[in-house]
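For reference, the structure discussed in these notes is given below.
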Amino acid sequence: MFEKGGTKMSRKNKVRNFHQAKWDEPVIFELSNKGERGILFPEIEKEIEMDIGDGISNLPKNMVRKQPPNLPELSQMQVLKHYLRLSQQTLGADLNVDIGQGTCTMKYSPKINEKLATSSKFTELHPSQDETTVQGILEIIYKLDLFLREISGLDKFTFQPSGGSQAIFAIASIVHAHHEASGESEKRDEIITTMFSHPSDAAAPIVKGYKIINIYPNEDGLPAVEALEKAVSNRTAGLLITNPEDTGIFNPKIREFTRIVHEVGGVCGYDQANANGILGITRAKEAGFDLCFFNLHKTFSSPHGCGGPAAGALGVTEEFIKYLPTPLVEFDESKYFFNYDVPRSIGKVRAFYGVVPAILKAYSWIMSLGSKGLREVSEVAVLNNNYLLKKVLELRGASAPYAEGRHRIEQVRYSWDELYKETGVTTEDITCRMVDFGFHMWSSHHPFIVPQPFTLEPTESYSKAEIDEYIAGLKKVVEEAYENPEIVKTAPHRSVVHKIDVDSLDDPTRWAITWRAYLKKSKK
Amino acid sequence: MKKVGLIVNPIAGMGGKVGLKGTDGQAILAEAKRMGAEQVSPQRTVKALERLIPLKNAIELITYPQEMGEEVANQCGFNPKVIGSITQGMTSSDDTKQACKDLLKMKIDLLLFAGGDGTARDIYNSIGNEIVVLGIPTGVKMHSSVFAYNPLRAGDLAMIYLQGKVKELKEAEVMDVDEEAFRNGFVSAKLYGYLRVPFGRRYTQGLKAGSPPTEKYSQEAIAQKIIDDMENDCFYIIGPGTTTRTIMEKLNLDFTLLGVDLLYRKKLIEEDLNEKKLMEHIKGKKAKLVITPIGGQGFLFGRGNQQLSPNVIKEVGKDNIIVIATSHKINSLNGHPFLIDSGDTELDRLLGGYVIVITGYQESVVYRVIS
Ligand SMILES: Cc1ncc(COP(=O)(O)O)c(C=O)c1O
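So the protein lines, in turn, are chains A and B. Note that the working numbering has the first sequence beginning at 733, numbered continuously upward. Note that the working numbering has the second sequence beginning at -15, numbered continuously upward.
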C-alpha cells in the first residue's frame, strides 16, 4: 500500500522513510516463569544473624506480608530485554520531532540537568533529614522561588503541588480559605473559567466543591468582556484562566478581566502552566492576578509528563502567603529552614515539600540561560510557531480558526475540517499517518469545539530544518488525503501496531489498566 | 448480515437553488422545474453511500426503485434488493411513506434516508420510534437534528454504526416549518417528534483521552440541578425537548415531550398548555421558564415552542429564564450562537447578548444569543 523501499531522506526529500521496530512483545506478566529470579540472595551468615537478627522477625507483625506479592518472575536479562524492546516501540521525545503534541511544550531538556538530578549527592537525600543537613537543596528551592517571583511579579512560591492540576486544586483551596476568612465562603461558590483554558481549571475546583461557569469563545476565539460581566456576581469566588489560551491566542483584555472579577470580590488565578511564549515579556502581576502557577515540567524544561516527574510551582501575592501549604522554605540570613508556622495554611497538598528533582532541573535550566536567555526562549518559541503557522496554512484543507491573519503566541489549534469535508480524512487519520514518517501523535484537543482539531507547538527547541521536516511530512499526508485517502484512513502502516479498534477506550467493560483487572474482565 | 434500508427523496433540495424555500407539494415542484431546478439529492446521497462501499459485501441494502434509491445504489456498486414501485419522475411524499412501511416489514437494522425536514417528517409519521434512522442532508429546510452534518459524515456514522462501534442512540428532533408561511417571509417551525439516530459523539469528536458521560447521564445531572434549586412559591414552565423531559421523569410526573407543561411545588398543574392558558396561570405570579435549545440550529425561542410567545416571555421576565443543554448539544453548534426569533423584534433584542446555560449539576457555560 505504501512505497516499500522509499527514497532516502535528503536535502530535497525531507520525508523520512521510517519504520518502527516491532518486537511483538508480550505483557511482562505473560513472560513470568515460576521460580526464575533476577537476584539470588545468599543465605544469611550465622554471625550476622546473631548480631542483628534475621531481618524479618524484628519487623512489626502487621508490616510483614503473609503472602509474597504476585509479581512476574524473570531473570535480569529477560527484564532488560523486555524493557529495551518496549522502548524501541515508542516514539519518545528524544527521538522524534515532537511538535505534534501541542499544549505539552515538548522542548528539549538538556541532559546535564538529568545528570545533576541523578547524582548520588542528590539522590541520597531523604526528605525526613534534619534541615541543617540539607542546606544545599533548600538553597536551590529558595532561589528558584526568587527567580519565579521575578518572572511572575508575585511575592512567594511553593513547589509542593506535584503537577499543574494539583496546583490548580491548591489555588481553589486558597480561594476558599480567603473567602472563609471573611465569612463568605458559603455564598461564594462559583469559579469562572473559559472554554479554551485548560480543562483542569474547571475540573480541579469542582473537586474542591465549586460550581463552574465556563465562558465560550466568540468568533475571534476570545471570551468576551460582556460574557464575563454576565458570569460575575456576588457568588463569584474567583477566576481561573489560561492566557494565551490553548488556541495560542493571547487575550489582550486580561487586565480588564481581573478588574471585573476583583470588583465583585473574586480572586484571580492565572494558569501559566505553559508560559513558554511570554517569559520576560508579560507577567501575572501586571495582568492583575493574585495567584498563578507554572508547570516546571513544561516551560522550565525538566521534562514533561511520562518523560519525567511533574512540579506545579504555585505563586501568590503578599496577601495570600498566609494560606500557602506548609512547610515554606525560608532564609534567615544565616540558614535555610522550613517554616511550619502558617496558621491559616490550607494544609498539605502533597507529602513533604515537592518533587525535588524537577525543582533542581528547573533551577539548573534557568541558571544556564539567565534572564536574557529566558526571554530569548520565548521569542524563538513564538517565532518558530508563527513560521510553522504560515507553512501549515499553505497546505490544502488546513485552517487556523479564529484570529485570522493574526500572529499566535506559542501554539496554534488548527482545523482540518475543510480537508475532511473534501476527502473524508479526519484529524485522527492524519495523526495516525504521521506516525509512518516518524512523528509522535497526540489526540487531545479539548474541548472539541474546533472541528477536526489539530494542535501544534514547536517550542524553541526545534531547528528550522526540523520544522521543515515536520511540514514536509504533513504536506505528504495532505497530498495523499486528496489523491489516495485510503492510505491515510488505514494508517499507520509502519508502526508497531497497525489499525486498532479505539472504541474500547470508551468502554469501561473492555479496558483494563492493571493486570489484575485484565484477568478479571477477560475471565482468565 | 445487517439489513440497511435506503430511501432517497429525489426532489429534495430542488427548491433551494432557485430560491424557493422547500419543495413540498406538486405545484412548487412544477414551479422549481420551470425555473430550471435540477436534482441535487441523488448526487449528495452518492457521497454518503460511497463511504459504505467497504461494507458492500457485509450488508444487505434494500431500497425503492429507480430515483428513490436503486440508481444511486447501483452507481456506488451495491447490489441492492429493490422493492415496491413508483412512477418515475412523479414521486411524492406518499411514496416515501409507503417505502417506510415496506421497509419496516423487512426488519431492517438501519434506515438511511436522503431529504430534508419534509422527508424526516414523513419518516417520523410512518415509523415513529421503531427503527434507528439516519438522515443524509439533501433538502432545503434543515431544522431537524436527525441529519448528519453533511453527507460524508452521514456515511461515516452509518459505517461505524453498522460495524457495531456506536451503541448509543439519541433522540433527535424532527422539525419542519410551514413552507407556505415561510415563503411569505414568516417562519413558524414546529417540533413534530423524535427519531432515534446513532449518537456519534466519539466519532464526530475524535479520539478522546477520557470517557465523557453519556448524553442521558448529563441530562439527568442537569434535571437534578433544576429540581434541587426549585423554589416553593414559583411556577415552573417546562418547555419541550428531551433535556427538559428528564426533569418531569425525575419528578415522576406526566409530561408532553413536544408541548409545554406547568409545575407548582413539584406538582403538575397542567400539561400541554397553549399561550392563553399559560398566561391565565402565571399572570401576576412568580414564574420561571425552563427551556433547551431546539433543533440542530440552536433556537431558544421561535422554533418548536411557539406557545412561549412574546407575552409569556415578558410576563416571566428575562432573569427567570433558565436555559439548559448538555455540553454535547452546545458543542455540536460549532460555536454558532443560540438564535431567537420570538416574533417580537424588540424582545429579541432584549434577550440577545449572553446567557448562562446549565450544563451539569455543578457546571454552566456563558453562551452568546443573537436574533
Ligand atoms: C495550560 C495548562 N494548565 C494545566 C495543565 C495541567 O498540568 P498537569 O498535567 O501537570 O496536571 C496543563 C497541562 O496539560 C496545561 O497545559
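Glycine included, every Cβ here is placed at the ideal spot set by N, Cα and C.
- Cα atoms of P984/A and L954/A: separation of roughly 9 Å, rounded to the nearest angstrom.
- Between ligand 1 and the CB of N1008/A, the shortest heavy atom gap is not smaller than 7 Å.
- With respect to F750/A, D1168/A sits close: the two C-beta atoms are nearer than 8 Å.
- Ranked by Cα distance from Y1152/A, the options Q1184/A, F1052/A, Y1134/A are led by Q1184/A.
- In this structure, the alpha-carbon of L323/B lies about 37 Å from that of I903/A.
- Taken atom to atom, the span from the alpha-carbon of T198/B to that of S1103/A is near 49 Å.
- Per the coordinates, the alpha-carbon of I1078/A lies some 42 Å from the alpha-carbon of I760/A.
- Fewer than three beta-carbon pairs drawn from the region 1158 to 1165 of chain A and the region 1111 to 1131 of chain A are found closer than 8 Å, and the two stretches are therefore not classed as touching.
- T230/B is the residue among T230/B, D162/B, D86/B whose C-alpha sits nearest the C-alpha of E155/B.
- A1113/A is positioned such that its CB atom lies no closer than 8 Å to that of T1222/A.
- Under DSSP, K251/B shares a beta bridge with Y248/B.
- For G896/A, the Cβ falls inside the 7 Å cut-off from some heavy atom of ligand 1.
- Remark: fewer than three beta-carbon pairs, one from each stretch, lie closer than 8 Å, so the region 1001 to 1021 of chain A and the region 946 to 966 of chain A are not flagged as touching.
- One alpha carbon belongs to P1059/A, the other to I944/A, and they sit about 30 Å apart.
- Taking a Cβ-Cβ threshold of 8 Å, the residues of chain B close to I1181/A are N315, N318, G319, in chain order.
- At a beta-carbon threshold of 8 Å, none of the residues of chain B lie near Y1146/A; the nearest stands roughly 13 Å away.
- The closest heavy atom of ligand 1 lies less than 7 Å from the beta carbon of S932/A.
- With contacts defined as CB atoms closer than 8 Å, V56/B and T29/B qualify as a contacting pair.
- In the DSSP assignment, Y1002/A falls within the beta strand (DSSP E) that extends over 999 to 1003.
- Taking one beta carbon from each stretch, the region 839 to 852 of chain A and the region 1091 to 1100 of chain A have 3 or more pairs nearer than 8 Å; the two touch.
- Among the bridge pairs identified by DSSP, M159/B is matched with L175/B.
- Among the CB atoms of chain A, one or more fall inside 8 Å of the CB of R352/B.
- For ligand 1, no non-hydrogen atom lies closer than 7 Å to the CB of N765/A.
- Among the residues of the region 297 to 311 of chain B, those with a Cβ less than 8 Å away from any Cβ of chain A are S311, in the order of the chain.
- The alpha-carbon separation between K746/A and K1208/A amounts to approximately 10 Å.
- Taking the Cα positions, I947/A is about 40 Å away from N109/B.
- Membership of T1159/A in the alpha helix (DSSP H) is indicated by the continuous run 1159 to 1167.
- Counting other Cβ atoms within 10 Å of its Cβ, G1047/A reaches 16 or more and is therefore classed as buried.
- Contacts between V349/B and chain A, judged by CB atoms closer than 8 Å, involve M927, I945, N946, I947, Y948 in chain order.
- Placement of the Cβ of T1187/A at a distance of 7 Å or more from every heavy atom of ligand 1 is found.
- Contact note: I938/A reaches chain B through Q346, E347, using a C-beta cutoff of 8 Å and chain order.
- Nearest CB-CB separation between A1130/A and chain B: not below the 8 Å threshold.
- Within the region 1197 to 1218 of chain A, contact with chain B at the beta-carbon level (separation under 7 Å) is assigned to no residue.
- In the pairwise beta carbon analysis, the region 11 to 20 of chain B is classified as not touching the region 113 to 122 of chain B: fewer than three pairs are separated by under 8 Å.
- Taking non-hydrogen atoms of ligand 1 into account, the C-beta of N1027/A is found less than 7 Å away from one of them.
- Per DSSP, C84/B is not a residue of any beta strand (DSSP E); the alpha helix (DSSP H) it occupies stretches across 77 to 89.
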